[in-house]
Structures are given as C-alpha cells and as structure tokens.
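Chemist: Under numbering that gives the first Met the number 0, think of the first position of the sequence shown as 0, with each following residue one higher. Where is the CB? At the ideal position from N, CA and C, for every residue including glycine. Given the structure is predicted, the values throughout are model-derived calculations rather than measurements. Sharing a structure below in structure tokens format, with a few things to ask.
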Amino acid sequence: MTAAAAIACRDAAPLAILRERGQREVFCGLTGIVWLHRRIQDAFFLVVGSRTCAHLLQSAAGVMIFAEPRFATAVMEQRDLAGLADTHDELERIVARLIERRPDIRLLFLVGSCPSEVIKLDLARAAARLSVRYAPQVRILAYSGSGIETTFTEGEDACLAALAAELPASEGASTRSLMVVGALADVVEDQFRRIFAELDIGPVHFLPPRRCADLPPVGSGTRLLLAQPFLNETTRVLEGRGARRLSAPYPLGADGTAAWLAAAARDFAVPAARFEAVIRPARERARRALLPHRDRLQGRRIFLFPDSQLEPPLARFLAGELGMRIVEIGTPYLNTRLLDAELPLLPAETLVSEGQDVDRQLDRCRAAAPDLVVCGLGLANPLEAEGFTTKWSIELVFTPIQGFEQAGDLAELFSRPLLRRTRLEV
Ligand code: SF4
Numbered sequence: 000m001t002a003a004a005a006i007a008c009r010d011a012a013p014l015a016i017l018r019e020r021g022q023r024e025v026f027c028g029l030t031g032i033v034w035l036h037r038r039i040q041d042a043f044f045l046v047v048g049s050r051t052c053a054h055l056l057q058s059a060a061g062v063m064i065f066a067e068p069r070f071a072t073a074v075m076e077q078r079d080l081a082g083l084a085d086t087h088d089e090l091e092r093i094v095a096r097l098i099e100r101r102p103d104i105r106l107l108f109l110v111g112s113c114p115s116e117v118i119k120l121d122l123a124r125a126a127a128r129l130s131v132r133y134a135p136q137v138r139i140l141a142y143s144g145s146g147i148e149t150t151f152t153e154g155e156d157a158c159l160a161a162l163a164a165e166l167p168a169s170e171g172a173s174t175r176s177l178m179v180v181g182a183l184a185d186v187v188e189d190q191f192r193r194i195f196a197e198l199d200i201g202p203v204h205f206l207p208p209r210r211c212a213d214l215p216p217v218g219s220g221t222r223l224l225l226a227q228p229f230l231n232e233t234t235r236v237l238e239g240r241g242a243r244r245l246s247a248p249y250p251l252g253a254d255g256t257a258a259w260l261a262a263a264a265r266d267f268a269v270p271a272a273r274f275e276a277v278i279r280p281a282r283e284r285a286r287r288a289l290l291p292h293r294d295r296l297q298g299r300r301i302f303l304f305p306d307s308q309l310e311p312p313l314a315r316f317l318a319g320e321l322g323m324r325i326v327e328i329g330t331p332y333l334n335t336r337l338l339d340a341e342l343p344l345l346p347a348e349t350l351v352s353e354g355q356d357v358d359r360q361l362d363r364c365r366a367a368a369p370d371l372v373v374c375g376l377g378l379a380n381p382l383e384a385e386g387f388t389t390k391w392s393i394e395l396v397f398t399p400i401q402g403f404e405q406a407g408d409l410a411e412l413f414s415r416p417l418l419r420r421t422r423l424e425v
C-alpha cells in the first residue's frame with residue numbers, strides 16, 4: 000500500500016460558477032517582482048516601462064530598503080522617439096551600464112509593460128541578442144508583466160515559463176526526479192526538502208531556484224508538484240518538455256499539506272506506514288496550531304474578492320480546516336485543470352466567480368454582509384469605512400503560508416482582523 004492522506008471530498012453536487020467581464024480591481028503582473036527578486040538571489044529585474052510602473056514597484060516594495068536593489072525601471076515613455084531603432088539602442092545602453100555596475104548579476108529579466116513604446120519593442124528578441132553578447136556571464140530572458148496581458152500572480156507564471164524554456168534537458172527518461180514548481184520562501188523550501196529526504200523522495204529540485212546556476216533539469220522522468228495554482232503557462236512549457244504533473248491539492252493547512260506530500264509519495268511508491276510515520280508529528284503540530292483560530296473562525300462567513308488565484312485553495316482550507324462558511328470565491332481565472340484536486344474539496348454549491356465586474360460584486364458582498372472580506376488594497380479601505388472587516392489579499396502572497404509549520408500563521412492572517420474588530424468594538 001502506498002501513501003494516502005485523508006482529506007474530505009464533497010459529494011458530486013456541482014459548484015455554482017459565475018463568469019463576469021467588467022471593471023477589475025487587480026494588480027498587474029509586475030507585482031511578482033517583489034517576491035521573485037527575493038527568491039532568485041542572483042537575478043535582476045529590469046522593467047521596461049513607464050513612471051507608473053516605477054511607482055507601482057516602489058510602493059509595492061515600499062517597506063524594503065536595499066543597499067543594492069535588484070529591480071529597476073527603465074522609463075521608456077515621455078521621450079522624443081525618433082524611431083524604434085533608437086529605443087533598442089537605448090535599452091542596450093541601459094543593460095550595458097547595469098551589467099558593468101553590477102557584476103554580481105547572473106540572470107537578467109527584461110520585463111515588458113503597457114506603454115505603446117514598450118509594446119512595439121520585441122523584448123524576447125532583444126533578450127536573445129543580449130544573452131549572446133553577455134554569455135556566459137549573464138543569461139538574459141524576457142517576459143511580460145503588463146497589466147494588459149497579466150494580472151498579479153500571472154507575472155510569476157510568465158517569469159517561470161521563460162525560465163522553464165531554458166532549463167537543461169535531463170539525461171534519459173529513467174532519471175526520475177521531483178520538481179516543486181512555484182516561488183516559495185526559503186524557510187518553506189528547507190522544510191519541504193527535509194520531509195522529502197525523510198520520505199526517500201529524490202532528487203528534488205525547486206523552480207525557481209535560489210541561484211541561477213542551480214536551474215533544475217527537466218525531461219520525461221520529471222514529476223511536477225505545483226506549489227502555486229496560477230502556473231498555467233509554466234506547467235504547459237514543462238509538460239511540453241516531457242514532465243508530468245502530479246494532481247494534488249496545494250500545500251495550505253495541515254490536511255492540504257499532507258495531501259500535497261501524499262501525491263508525491265504515491266508517485267515515488269513510498270509505503271503508507273512510512274509516509275504516515277514521517278509526516279505525523281508535523282501534521283499534529285499544524286493541527287494544534289489551528290485550534291485557537293478554529294475557535295474564532297468556525298461558522299464565520301467569508302467573501303473572497305478575486306486577486307491572486309490562490310482563492311479556491313484558500314477557501315478549501317478555510318472551510319475544511321477552520322469551519323468557515325464561504326459566501327463567494329472570486330478568482331481572476333478559474334483554471335479547472337490545475338485545480339482538479341481542489342475543486343472537489345470545496346463545499347457543495349459554493350459560488351465561484353471568475354473574472355470581475357467590481358460594482359456587481361460589491362453589491363453581492365454588501366447584500367451578503369459577511370463577517371470577513373478578503374480583497375485588494377483598493378477595496379479594503381472603502382469597505383472598512385462601511386463597517387466591514389477586511390483582510391488584504393496581498394499579504395497572502397508576501398507571507399510564507401505553505402507547509403505544516405506555517406499553517407497556524409496562515410489561519411492567523413484570517414483570525415487577526417476579526418480579533419482586531421472585536422477589540423475595537425469593546
Ligand atoms: S498596469 Fe501597466 S503601466 Fe501600470 S504599472 Fe502595470 S505594467 Fe506598468
């Protein structure tokens with residue numbers, strides 16, 4: 000018998016899915032740079048953009064002060080554009096200056112954005128040309144974080160897809176390996192590495208790696224275990240290179256993490272008893288850490304506005320492990336393939352809305368009067384002023400929330416705003 004992790008599956012009653020197209024309140028994909036630059040420690044992100052892009056990055060990363068920042072914006076608007084060739088030359092000059100000043104950079108991303116001057120540039124071509132010029136010292140790749148093409152976490156997907164295309168080929172189909180895909184905090188990666196080692200699962204690689212010299216190999220022996228649900232394009236590129244995705248819930252909460260690990264354990268034929276013995280202590284710790292939060296959150300009603308695409312797995316965790324009642328799960332995109340192991344775990348007839356028509360969604364939220372609203376910064380203040388208790392969704396991508404040891408912290412992100420509101424009322 001191989002590993003299995005118990006996690007309750009709802010009956011076959013369908014989810015209610017509402018598709019909306021209207022005004023959206025979601026960050027663009029540039030935001031991903033804020034967590035990606037912390038993760039890949041020898042990478043630099045050069046946004047080819049406007050002053051708006053520079054402001055977004057500065058305010059998103061506002062609290063962080065760097066001696067040597069690892070992202071910058073090359074402002075391409077408000078200049079006298081004599082022609083496209085000039086813009087290319089200008090970009091090459093900026094890259095040359097940057098590489099000269101920063102010999103520590105090993106991987107440079109040119110990140111596209113919205114201004115028409117930038118859209119006219121072929122950044123992928125420019126990156127390929129520059130990569131040849133600066134090889135082997137610096138590898139140069141391009142992706143788009145433009146608000147026209149990407150929302151919030153899709154920036155990470157575009158970045159990792161560019162990286163996935165560059166991975167070395169693994170040697171031979173018999174080389175079985177596990178690739179954990181999606182940016183995780185270093186502390187979370189270390190915890191997972193220890194668990195996989197105890198389970199005798201290996202070799203294990205992480206994409207993105209901490210350093211670009213550690214780009215993992217990929218081939219038909221590669222099994223993909225997704226740590227994030229928004230990596231549609233990255234998964235497609237990796238599958239195109241022969242890798243096979245393991246269907247699993249995402250590693251949020253005690254049961255979610257156990258089920259995620261179990262998917263890998265099953266594929267690597269880890270005996271059930273061994274799996275249980277290895278994960279039991281950490282799973283028990285996680286369950287204990289959830290208890291005080293469960294007391295506070297059980298039966299409370301929550302409304303999730305669309306933001307990071309993490310909303311469906313978060314709702315599964317909140318309903319399944321903390322007893323919350325889900326009013327609506329908004330998500331920018333409902334990727335049913337990558338959520339194939341998550342959606343059956345949601346309470347039956349949960350309303351899932353894909354896309355956004357923000358005014359209509361606000362009307363539904365007001366009518367439902369939930370105890371807690373998870374939303375972006377732009378909606379949180381007005382809703383607080385109306386008397387709602389809110390949680391900023393951006394914290395869910397900036398905070399380490401995956402894995403057993405972080406389960407209590409994740410629950411606290413939801414129980415703290417309710418506690419704060421109670422204290423204010425007292
Ligand atoms: S939406 Fe476009 S212009 Fe605005 S910050 Fe994002 S990439 Fe820049």
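1) Which residue's Cα is closest to the Cα of Ala272: Leu418, Glu197, Arg336?
2) Using 8 Å for Cβ pairs, my map puts Val326 next to Phe302. What's the rounded Cβ distance?
3) So which residues put a beta carbon under 6 Å from any heavy atom of the ligand SF4, going in chain order?
4) In the DSSP output, which residue or residues are listed as bridge partners for Glu353?
5) Alpha carbon to alpha carbon, how far is Ala367 from Ala184?
6) Taking C-beta to C-beta, are Val206 and Pro215 nearer than 8 Å?
7) Indicate whether the contact test is met: 3 or more Cβ pairs, each with one atom in the segment 335-348 and one in the segment 10-30, closer than 8 Å.
8) Since Leu162 is in the alpha helix (DSSP H), which residue starts that stretch and which ends it?
9) Quick check on Ser176: does DSSP put it in helix, strand or coil?
10) Can you name the residues that DSSP bridges to Leu106?
11) If we call anything under 8 Å between Cβ atoms a contact, is Leu417 one with Thr388?
12) Examine chain C for any beta-carbon lying closer than 8 Å to the beta-carbon of Val131, and answer yes or no.
13) Where Phe70 and Thr421 are concerned, what is the direct C-alpha to C-alpha distance, given to the nearest angstrom?
14) For the alpha helix (DSSP H) that contains Arg287, what are its first and last residues?
15) Quick check on this structure: which residue in Phe267, Ser112, Glu275, Phe403 has the alpha carbon closest to the alpha carbon of Phe316?
16) Do the CB positions of Glu19 and Arg359 come within less than 8 Å of each other?
17) Provide the residue(s) that pair with Cys374 in DSSP beta bridges, ordered along the chain.
18) Near Thr152, which residues of its chain fall below 6 Å by C-beta distance, leaving aside the five closest residues on each side in sequence?
19) How is the alpha helix (DSSP H) around Arg124 delimited, first residue to last?
20) Report buried or exposed for Ile147, applying the criterion of at least 16 other Cβ atoms within 10 angstroms of its Cβ.
21) With a threshold of 16 other CB atoms inside 10 Å of the CB of Ala212, please say whether the residue is buried or exposed.
22) CA-CA distance, Gln405 and Glu24?
23) Expressed to the nearest angstrom, what Euclidean distance is found between the alpha-carbon atoms of Ala226 and Phe274?
24) With DSSP run on the structure shown, which of helix, strand or coil describes Arg243?
25) Candidates Arg363, Ala59, Thr335: which alpha carbon is nearest Val33's?
26) Compare the Cα-Cα distances from Met178 to each of Arg37, Ala242, Cys158, Phe43 and report the closest residue.
27) Kindly indicate which three-state DSSP category Ser58 falls into: helix, strand or coil?
28) Does the Cβ-Cβ distance between Pro369 and Arg300 come in under 8 Å?
29) Sorted by chain position, which residues of the same chain lie with C-beta nearer than 6 Å to Gly21's C-beta, five sequence neighbours on each side aside?
30) Since Arg300 is in the beta strand (DSSP E), which residue starts that stretch and which ends it?
31) Among Asn231, Arg244, Pro208, Phe195, which has the Cα closest to the Cα of Ser219?
32) Which partner residues does Ala454 have in the DSSP bridge list?
Modeler: In short, the structure shows the following:
1) In this structure, Glu197 is the residue among Leu418, Glu197, Arg336 with its C-alpha nearest to the C-alpha of Ala272.
2) The pair is a contact, with the Cβ atoms about 4 Å apart (cut-off 8 Å).
3) This selection yields Cys27, Leu29, Gly48, Ser49, Thr51, Cys52, Leu55, Ser112, Cys113, Gly144, Ser145, Gly146.
4) Paired residues: Arg18, Thr330.
5) Between Ala367 and Ala184, the C-alpha separation is close to 35 Å.
6) In the sequence on display, residue 206 carries Leu and not Val. Yes.
7) Remark: three or more beta-carbon pairs, one from each stretch, lie closer than 8 Å, so the segment 335-348 and the segment 10-30 are flagged as touching.
8) Counting along the chain, the unbroken alpha helix (DSSP H) around Leu162 starts and ends at 153-163.
9) Correct three-state label for Ser176: strand.
10) Its beta-bridge partners are Ala42, Arg138.
11) Cβ atoms of Leu417 and Thr388: closer than 8 Å.
12) You won't find chain C in this structure, because it holds only one protein chain.
13) Those two C-alpha atoms are separated by around 40 Å.
14) Start and end: 271-296.
15) Each of Phe267, Ser112, Glu275, Phe403 was checked against the Cα of Phe316, and the nearest Cα belongs to Phe403.
16) A contact, by the Cβ cut-off of 8 Å.
17) Partner(s): Trp391.
18) If we look at Thr152 and ignore the five residues flanking it on each side, its Cβ neighbours are Phe229, Ser307, Gln308.
19) Residues 122-133.
20) The residue in question, Ile147, is exposed, as its Cβ has fewer than 16 Cβ neighbours within 10 Å.
21) Burial call: exposed.
22) Going by the C-alpha atoms only, they are around 28 Å apart.
23) In this model, Ala226 and Phe274 are separated by some 19 Å (Cα to Cα).
24) Residue state, collapsed to three classes: strand.
25) When each option's Cα is compared against that of Val33, the closest is Ala59.
26) Considering only alpha carbons, the answer is Ala242.
27) Here Ser58 sits in helix by DSSP.
28) Judged by their CB atoms, Pro369 and Arg300 are nearer to each other than the 8 Å cut-off.
29) For Gly21, the CB contacts under 6 Å within the same chain, skipping 5 residues up- and downstream, are Asp356 in chain order.
30) The continuous beta strand (DSSP E) containing Arg300 extends over residues 300-303.
31) When only C-alpha atoms are compared, the closest one is Arg244.
32) There is simply no residue 454 to check, as the chain begins at 0 and stops at 425 in what is shown.
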